[in-house]
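> Under our numbering, the final residue of the sequence shown carries the number 1321; numbering is consecutive throughout. Below is a structure I'd like to ask you about.
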Amino acid sequence: MIIGICVDSQNIIYVSEYLKAHIVQWPSNATNLTAIAGNGTSGSSAELLNVSRHIDFDTNGEYLYIADSGNNRIQMWHVLSNGSVPAAADVTVAGGNGADVRSNKLNGPRAVAVSYKNGAIYASDSLNHRVQRCAMNANYGVTIAGSPSGLSSTSASLLSNSTGLVLDANETHLFVCNTGNHYVQRFRFI
């Protein structure tokens, strides 16, 4: 089942097939897809994925970020200029050490967005009902939407199962799919 899609600067399409535990690339004019992250077997080791969800690129199209929901982590894969990914090129950049509400953990992240301005990573920490912001090279996240303690609510200041997110072009607003409450919510950065 396809759940996430993005396009790099070379117009190569990348698709997350979460039940197949891999990310595939589809170059323009190609007739076949090529697996570039994960190998089709679910797992928790660094080179495997488990229920991969949404994906996003950094501003240069050099790194592909993967919301690896089943492993409670965000993975970063270095993509070479020809669109291929070297073996074992992945790095866990958020979570990956068990599901919990502590600031260094995620619980079922479903989406990821990358800031083109500063490289920060935004993760929809779905089962903790919040959005975490992780600065480059940080080993913890900061809750920027929802409750730091994982509280779910219909209140306008809280989230219920955030499943998607996107930054606007100026990065002044973050839009969050507040799935449990059945609406998209806009948060303004101060």
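Glycine included, each C-beta is placed from N, C-alpha and C at the ideal position.
Check whether the stretch 1266-1280 touches the stretch 1242-1252, taking contact to mean three or more Cβ pairs, one atom from each stretch, closer than 8 angstroms.
Result yes; three or more Cβ-Cβ pairs closer than 8 angstroms.
> Could you check which residue in L1150, Q1156 and N1238 has the C-alpha nearest to that of Q1141?
Checking every option, the nearest Cα to that of Q1141 belongs to Q1156.
> From W1208, A1225 and A1300, pick the residue whose C-alpha is nearest to that of G1192; which is it?
The shortest C-alpha separation from G1192 is found at W1208.
> Rounding to the nearest angstrom, what Cα-Cα distance links G1201 and F1306 in this structure?
If you take the alpha carbons of G1201 and F1306, they lie about 23 angstroms apart.
> In three-state terms, what does DSSP make of Y1271?
The answer is coil: DSSP assigns Y1271 none of H, G, I, E or B.
> Pop quiz: I1186 and Y1145 are said to be a contact at Cβ under 8 angstroms. What is the actual Cβ separation, rounded to whole angstroms?
Contact holds; Cβ gap of about 6 angstroms.
> Just verifying my parser: in three-state terms, what is the DSSP assignment at S1288?
Note: S1288 maps to coil in three-state DSSP.
> Kindly indicate the opening and closing residues of the beta strand (DSSP E) around Y1314.
Note, Y1314: beta strand (DSSP E), Y1314 to R1319.
> Under a three-way DSSP split, which group does G1277 fall into?
Three-state result, G1277: strand.
> Name the two residues that bound the continuous beta strand (DSSP E) containing Y1253.
Y1253 -> beta strand (DSSP E) spans I1252 to D1256.
> Please name the residue or residues paired with A1166 in a DSSP beta bridge.
A1166 pairs with V1155.
> Please state whether DSSP places N1298 in a helix, a strand or coil.
Residue identity check: residue 1298 is Leu in the sequence provided, not Asn. Looking at L1298 - three-state DSSP - the assignment turns out to be strand.
> 8 angstroms is my cut-off, CB to CB: does L1282 come that close to chain B?
Here chain B cannot be found, since the structure has a single protein chain.
> I want to check one thing, is the minimum distance from the CB of L1258 to the heavy atoms of the ligand ZN below 7 angstroms?
Absent from the structure shown: the ligand ZN. Ligands present: none.
> Could you tell me the alpha carbon to alpha carbon distance between D1231 and A1225, rounded to whole angstroms?
Their backbone Cα atoms lie some 13 angstroms apart in a straight line.
> Name the two residues that bound the continuous beta strand (DSSP E) containing N1309.
H1304 to N1309 is the span of the beta strand (DSSP E), which, as asked, contains N1309.
> Nearest to V1210 by alpha carbon, out of T1162, T1223, N1181 and D1139?
Nearest of T1162, T1223, N1181 and D1139 to V1210, Cα basis: D1139.
> So what does DSSP say about G1201, is it helix, strand or coil?
Here G1201 sits in helix by DSSP.
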